[in-house]
């Protein structure tokens, strides 16, 4: 079956967490120059440490230049150990880095590199990566991902590593080699030394125009969520070769999803599947409200079974924000669900902060 499912409309009431703490990890007003901070991504390197990469530039997009910063964060003491620059090139924008962990233990950060051209338009110049072979202590210089079976990619979204193979969701653009604007799956069986094309998901899912996407393994299948240029968030189930089995339009089915989910992230925890990202529950553009949201997914029927507003349930004025990434930490209180994100309220200046929010997992799961 490959047709879109249309389950019954579900009007779930959102859960508002009663227990929540927040911490600013990097504050834009404390920085000298390049005060726009955004688009964090994280990877755990030990029981007590994560690495957080994020953009440091001058604007959400079309900067003259932006760096990719790196924060080493102690998840037990909740303190920043160190902040350094992970990647820099003159007159290039290090827009967002995506962490990948290979089966040999190496980790890499694949960066969406852009150049601002005429009329302040940004163009991807091809993914660059930096690699660590010592658990994140040191990193190589920037190395191009390169052309994969005739196609060059500009933006990496997510990865799954299993049994020596790493799959990665990547996007190409019409002006890069291959001249194809699609979201594809590529894979490596040698820890990122070489990559091969697997599937064009834009075409497989009905020749739809999509961008930021995410996936997770579900048994012998894959569960995938895609953000559409048509302001729609979709869920898809494929077989192990990424052939479509079933899909659903979440925006059409669930009234509390106003449009697409910004920078969606799928993950599995304790046998359940979750989708998180930026949700705009009000559909009228003139009433746009941004919230950080967590949805529990039933992959068997592609429905949402619970809905948590993690941030901005008050529907305040969030100018820019919400590319959330999660991690968990155990302490005497139990399992804590932590979210790293960026957020700017009321004014765009000086810029968003990098923030950590902490919840009791048993309350929001």
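In my numbering, the protein residues as written are 212 to 576. Even for Gly, the Cβ is constructed at its ideal location relative to N, Cα and C. Note that the coordinates shown come from a computational prediction; the quantities given were computed from them, not determined experimentally.
| Item | Value |
| --- | --- |
| Contact between the segment 362 to 378 and the segment 397 to 412 (3+ Cβ pairs under 8 Å) | yes |
| CA nearest to the CA of residue 258, picked from 453, 277, 287 | 287 |
| Reduced DSSP secondary structure (H/G/I, E/B, other) of residue 505 | strand |
| Cut-off 6 Å between Cβ atoms - residues of its own chain near residue 238, not counting five sequence neighbours on either side | 564 |
| Three-state class that DSSP yields for residue 485 in the structure shown | strand |
| Contact under 9 Å by Cβ, residue 277 with residue 318 | no |
| Residue 268 versus residue 285: straight-line alpha-carbon distance, rounded | 25 Å |
| Proximity test, residue 332 beta-carbon vs the ligand FAD heavy atom, cut-off 8 Å | Among the ligands in the structure shown, none appear at all, so the ligand FAD cannot be discussed. |
| Completely contained alpha helix (DSSP H) runs for the segment 368 to 416, where each covers 4 or more residues | 412 to 415 |
| Unbroken alpha helix (DSSP H) run spanning residue 462, endpoints | 461 to 464 |
| Same chain only: Cβ atoms within 7 Å of residue 312, ignoring 5 sequence neighbours per side | 254, 318, 372 |
| Local Cβ density within 10 Å of residue 310, reported as buried at 16 or more and exposed below that | buried |
| Sequence-distant residues of its chain with Cβ nearer than 8 Å to residue 389 (five each side left out) | 358, 361, 362, 363, 383 |
| Runs of beta strand (DSSP E) lying entirely within the segment 295 to 344, each at least 3 residues, in chain order | 304 to 312, 318 to 327, 333 to 335, 339 to 343 |
| Assigned exposure category for residue 308 - 16 Cβ within 10 Å defines buried | buried |
| Separation of residue 408 from residue 558, as counted between CA atoms | 43 Å |
| Simplified DSSP state of residue 229, which is helix, strand or coil | coil |
| Backbone CA spacing between residue 218 and residue 488 [nearest angstrom] | Note that residue 218 has pLDDT 48, beneath the 50 cutoff, so the model's placement of it is unreliable and the number below is only indicative. Using only the alpha carbons, I get a separation of about 22 Å. |
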